[in-house]
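Okay, structure first, notes after.
Number of protein chains: 2
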Amino acid sequence: MTPARPPEGAHAVARRHEGTAMSPSHEVTPIELPDGRVRVVVERVSPAVDDGRFPIKRVLGDRVVVEADCFADGHDAVACSLLWRTGGDGAWHSAPMAQLGNDRWRAAFTVDTLGSWSYTVRAWVDPFLSWRRDFERRVELDDLRVAAREGALRIEEAAERADSGADTTLLKAWAQELNRAATGGAAAEDLRRLALDEARATVATRHPDLRHAWVHPRTYSVTVERPKARHSSWYEFFPRSAAGDGTRHGTFADCEAWLPYVQRMGFDVLYFPPIHPIGRVNRKGRNNTLEPQAGDPGSPWAIGAREGGHHAVLPELGTLEDFHRLVKRAGEHGIEIAMDIAFQCAPDHPWVQEHPQWFRKRADGSIQYAENPPKKYQDIYPFDFESDDWPALWRALAGVFEFWIGHGVKIFRVDNPHTKSFGFWEWAISTIRGRHPEVIFLSEAFTRPKVMHRLAKLGYSQSYTYFTWRNTKQELVDYFTELTRGPGREYFRPNAWPNTPDILPAALQWGGRAVFMSRVALAATLAANYGIYGPAFELQEARALRAGGEEYLDSEKFELRGWNRDDPASLAGFIAALNRARRDNPALQSDAGLRFIEVDNDQLLAYAKATEDRSNVVVCVVNLDPHHVQSGWLQLDLAALGLEVNQAFQMHDLLSGQHFLWQGPRNYVSLDPQRSPAHVMQLRSRLRRESDFDYFL
Amino acid sequence: MTPARPPEGAHAVARRHEGTAMSPSHEVTPIELPDGRVRVVVERVSPAVDDGRFPIKRVLGDRVVVEADCFADGHDAVACSLLWRTGGDGAWHSAPMAQLGNDRWRAAFTVDTLGSWSYTVRAWVDPFLSWRRDFERRVELDDLRVAAREGALRIEEAAERADSGADTTLLKAWAQELNRAATGGAAAEDLRRLALDEARATVATRHPDLRHAWVHPRTYSVTVERPKARHSSWYEFFPRSAAGDGTRHGTFADCEAWLPYVQRMGFDVLYFPPIHPIGRVNRKGRNNTLEPQAGDPGSPWAIGAREGGHHAVLPELGTLEDFHRLVKRAGEHGIEIAMDIAFQCAPDHPWVQEHPQWFRKRADGSIQYAENPPKKYQDIYPFDFESDDWPALWRALAGVFEFWIGHGVKIFRVDNPHTKSFGFWEWAISTIRGRHPEVIFLSEAFTRPKVMHRLAKLGYSQSYTYFTWRNTKQELVDYFTELTRGPGREYFRPNAWPNTPDILPAALQWGGRAVFMSRVALAATLAANYGIYGPAFELQEARALRAGGEEYLDSEKFELRGWNRDDPASLAGFIAALNRARRDNPALQSDAGLRFIEVDNDQLLAYAKATEDRSNVVVCVVNLDPHHVQSGWLQLDLAALGLEVNQAFQMHDLLSGQHFLWQGPRNYVSLDPQRSPAHVMQLRSRLRRESDFDYFL
């Protein structure tokens, strides 16, 4: 990796060559022609999202492996380098690319600072390499002598380009020596040995002739985030219910008492629904009724009242200082507080008076509340992103992020981003990330696939998924194959949730404890990012508001609840084991290494996750049937797991502590959902100690 | 299809929005923001070659079917149109696109003039359509009345945009009527009927609100050529051998006598190797020897001598006037003369003296002849495309095309285009095509796949293929599936050759008459463009220069030959039947409709070709084994052929005249290679007359 001449100059040529339509007139003057001496082509650079329109995503320390098709006309040798830099204006670095065959080339670089990186590919027809390759194949002495003199010229040119360092001295001496030999009657063998000197050729190739180099005109970009963007475990919690039995409104101070519990379960993100003042106009009552009783707290998503809007804290929760202290305490427990950003206003939000032009009006002069006829949401006014005052609106909304970043929040879960304009998000996220590259954005868009993907492309670090409704083996295999192998793998980081305050899926309503266990095991092992809405989840709250719906009965969205975190039936211990497995196994901290495993039972889902170097492999098997023992034979791809055909290997179940000795591709599994519906097994290809044999099946 | 406002204005906005990186500063001023009111997105426009870097290819009269993903945030209705125009500056036309589901939209336009066309997609959030859709779902009378007043405003705006024609009058009246009804206490049913008036809504949608429309920033282009670019039958012939017995040098006048023969066989392109003066320096002798005998004519590809270069005619063939007359006579036979353009010079080509800077020099001052060490081609000097005088070289080479176009040639087969620079070809072809859109270019590049594809992308109308070496069933299925279903289908038009003067494939050397028949049948039916090098082909010349090689013995490349076109063993009649089938069946005139058919015998290759509307379907079965009868069961996809499950249908073999009555998906075929190794069967789904039954198997 050597610092390279910045390719801007070549870029300008490249753009002229690549970007413009050819003149339709035959009477062209030389000035109108692209530089015709550029003979090399660079095509199909990967990775690239929409041909480079959007950045790919990586985290700190990742290797970015770049490939491209590079070739020229004729038989001359082609060489190419990967160029990359941090930010928009750093120095370009370069590394030679290696040939993969079929005109495909590859190189990699490592991203070691947060923020935006760029890369592109430069290629050139290399006269020195062409000469050297041809020289090796020449036979006749006369021919060799002429060719040796040509080689001396090429080496001389490289010496000039080396610009008077040690390389210049070495190359000049080599050129003179070669010239003397060629003109002084040296024998073929001597000429050959001298001309093909390996060590000195390496020096010459350090100074290639780039006069006719071509740089791909597109600069591809990479958004580099902190590792938590790729691997995080979320726990969603209503601070209003932190006080204990649900009779008193919880406070930030009460939340501090929950931190050890959340830490013991192994979550590293504690996410709160909106903590702002809640509107009083058209406030919702318990169970989403339209007539609230005195003391009903309303929905936290109906943001804004006389106490303030998106910059204020609901007085019942405490003060901004209390919030500060909670953020600090959470940090001491290894937990970050994630905030919910919901861009909408209760009718009594101060902005409704201050900026009426940010809202759409109906023909009768009233402000248009949120609706999807015949449904009406009178307690919420959406912003009008077609407002003529949109620049002020955009700045105000971006300012909300800035405000809370200023108060220590670095993770934002954004509510319904798909009902705000894409242009706003692209601008806002890139602007905020430019100043605060450590900030993580989670898109809560449960909507059509292309809308969800666009939000991920334009900058969201993580995205909610359809996992919540994918239950059968085929559904799960199809969906996670698409997520981890489709084009989205470069920009769409799934965050899988078995439940949310809005969604109590039918499976959880009817399947009992075993389904709660299998769903959280799937989320935690299929996806590197996952979350649960608790304590409803670990306490297996399964009562729906009405049959056929997905709303919780007595939802915390509209009332205070009390939760007994010491309930002996709680799944907290099971979840803690899952999160421990995630912490200890790098394979579970990325989605790239997911491969499904064939198993001859449609109720058993099996998959492996492996690190790139296969130093860590986890094999998971989940029984999707909550009622019956299911068993079957797995058909492992041993090579993909880094195993020899006849090798015995140990599978260590990280949930039960059991050890299994497996051998060969076919292995038997049986899971009783009443005990545990899942194996999460670490592969250990060498046995560690004699006592391990105690546990063999 | 109505002429639309040119989208240039929207383009400028689009480019600003799409193309530039967002400012990394949080302190943005409104002027730096993109227009945030544009909420719609256009993605993944297809067809597109390398994201629009290169044009797609079509022929006159084709429908160009364009699709795109179009969507916006939120729930508002989105509409979009396909925009297209001829040339770079014609008026834009537009057509509404229809929804296909999953946010995909489609529309089409027809290309009815030669040359370059452009297309792109415009989308917008449509306030009128949003209002109308929501209105249908509203329930309460108060709500309907307010909504009706809003609708009146939308209709009023459409009336303004209609700009005072009949539509304005109609829409203004409608708006007034609706407003009166809304404020005058009309009943819900009356309001609904009036607001949702279908006929007047159609008028309103003709004048959409495009203020916040978005036009995809890429203008995609189409190269429209004449139908022969897609469907042509080539006969390659050495004029030097036109005289009869090979003792006298053939002339253009002698060639005239071959025209009826070529016409009877059904070829429409007669292609000559280079017709220019042949170099005397380092001339090759018979069978590619280095010592020519007196009278040896040399290789026509060693172009240029004292008589002239690429603008001159070899005196032995006649004069430029003779050539003119031959072109005209050929036209009278429905045949076009294709010319071979080989950009290289014999050492005695006039350009070598006039423009020494166009050639590379070795260290000893000699000009670098063509070589691929240790092989040397001393009779040919390649051009140096890295010459500093490249603009003059490019103009001179393009001038060769212009010269011969001026002399009536409109089809060029280009020799080894992959050893000349890509930039030159892109410039030259687009320049020439801009002036002469009827000119067809065939790329004779037998080289690496990506190089061949690049040449096709940058403008070649047709391309040589690997068909020449694809013999087994699996090879043929894989290769033609790639050609007709891979990305190349938009730009790479295969031209399939079973032999060329350079290539006598091993299969033809050893397989006998049956292989000649099967290979030409495959070429003529798998590919809409194909050619043979004759009379060597139809007379089954199979003698190779040396075992294991592919060079012909006594090749016409280095000597005169005599051919007996009345040889009773000739395949001319068989070839004529193939070309007749091609002429009469539109399905064989395009590669788009190729689908392989399952058959339970690896020696039988079966496939169907169909027109888009399935009005013409041809089913081919070829026995790849030249020695034995092979039979098997075809498994037809009846739906793909436009047939009902239980329908009987007739297969009419266009080669043998046999008729077969088939029914259902499974049908039996048996082919004796000693009679004919191929069925080329036209599907007739209705029986035509009773007597057809005579022929049923």
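So the sequences go chain by chain: R and U.
For the first sequence, the numbering used here begins at 1 and goes up steadily by one.
For the second sequence, the numbering used here begins at 698 and goes up steadily by one.
Note that the Cβ used here is the ideal one computed from N, Cα and C, for glycine as well.
What you are looking at is a predicted structure, and each value in this text was computed from that prediction instead of being measured.
For a Cβ distance threshold of 7 Å, residue set R1059, A1060 of chain U lies close to R/E150, ordered along the chain. R/H276 is classed as buried because its beta carbon has at least 16 other beta carbons within 10 Å across all chains shown. Under a criterion of Cβ atoms nearer than 8 Å, the residues of chain U adjacent to R/E43 are, in order, D747, K1147, R1151. Taking 3 residues as the shortest admissible run, the stretch 235-313 of chain R contains the following complete beta strand (DSSP E) segments, listed from N- to C-terminal end: 269-272. Excluding the 5 residues flanking it on each side, R/W469 has same chain C-beta neighbours closer than 7 Å at P505, in chain order. At a cut-off of 9 Å between beta carbons, R/T419 contacts chain U. In the structure shown, U/P1079 falls within a strand segment according to DSSP collapsed to helix, strand and coil. Shown in chain order are the members of the stretch 1068-1083 of chain U whose Cβ falls below 7 Å from a Cβ of chain R: N1069, P1070, P1071, F1082, E1083. When C-beta atoms of the stretch 235-251 of chain R are compared with those of the stretch 150-168 of chain R, fewer than three pairs fall below 8 Å, so the two segments do not count as touching. Across the set U/A1307, U/R937, U/T1128, the C-alpha of U/A1307 shows the shortest separation from the C-alpha of U/T1181.
Taking 9 Å as the upper bound on Cβ-Cβ separation, chain U lies near residues F385, E386, S387, D388, W390, P391, A392, L393, W394, R395, A398, G399, E402 of the stretch 383-411 of chain R.
When the Cα atoms are used, R/P373 and U/F825 turn out to be separated by approximately 15 Å.
Using a Cβ-Cβ cut-off of 9 Å, R/D134 is close to E1068, N1069, P1070 of chain U, given in chain order.
For R/A445, no beta strand (DSSP E) segment is defined, and its DSSP state is neither H nor E. Out of U/D1297, U/V1296, U/F1293, U/D1288, the CA that lies nearest to the CA of U/E1309 is found in U/D1288.
R/R684 and R/E482 have their C-alpha atoms spaced approximately 29 Å apart. For U/L1219, the three-state secondary structure derived from DSSP is helix. Per DSSP, the unbroken beta strand (DSSP E) holding R/F71 starts and ends at 63-72. With a threshold of 9 Å between beta carbons, R/L171 makes no contact with chain U. Put simply, the backbone Cα of U/A1284 is about 43 Å away from that of R/V121. Neighbours of R/N102 in chain U, taken as residues whose beta carbon is under 8 Å from its own, are R1145, P1146, K1147 in chain order.
Nearest Cα to U/C952 within the set U/H1007, U/G995, U/G1015: U/G1015. Contact between U/A804 and U/A792 holds, since their C-beta atoms are separated by about 5 Å, short of 8 Å. With its beta carbon less than 9 Å from one in chain U, R/W427 belongs to the interface. For U/R1057, same chain residues with a beta-carbon under 6 Å away, outside a window of 5 residues either side, are Q1065, D1081 in chain order.
At a cut-off of 9 Å, the C-beta of R/L153 has a neighbouring C-beta in chain U. Rounded to whole angstroms, the Cβ separation of R/A398 and R/I432 is 6 Å, and the two are in contact under 8 Å. Collapsing the DSSP output to three states places R/V477 in a helix. Taking a Cβ-Cβ threshold of 8 Å, the residues of chain U close to R/R138 are P1070, P1071, in chain order.
Taking a cut-off of 8 Å for Cβ pairs, the stretch 670-677 of chain R and the stretch 637-644 of chain R do not touch, as fewer than three such pairs fall below it.
Between R/A342 and R/D415, the gap from beta carbon to beta carbon is short of 9 Å. DSSP, read as helix, strand or coil, puts R/S430 in helix. From the beta-carbon of U/D1251, no residue of chain R is found nearer than 7 Å; the closest lies around 29 Å away.
For R/F252, there are no neighbours in chain U by C-beta distance under 8 Å, as the nearest C-beta there is about 28 Å away. Secondary structure at U/Y1163: helix, using DSSP grouped into helix, strand and coil. Between the stretch 223-233 of chain R and the stretch 57-64 of chain R there are three or more inter-stretch CB-CB distances shorter than 8 Å, so the stretches are counted as touching.
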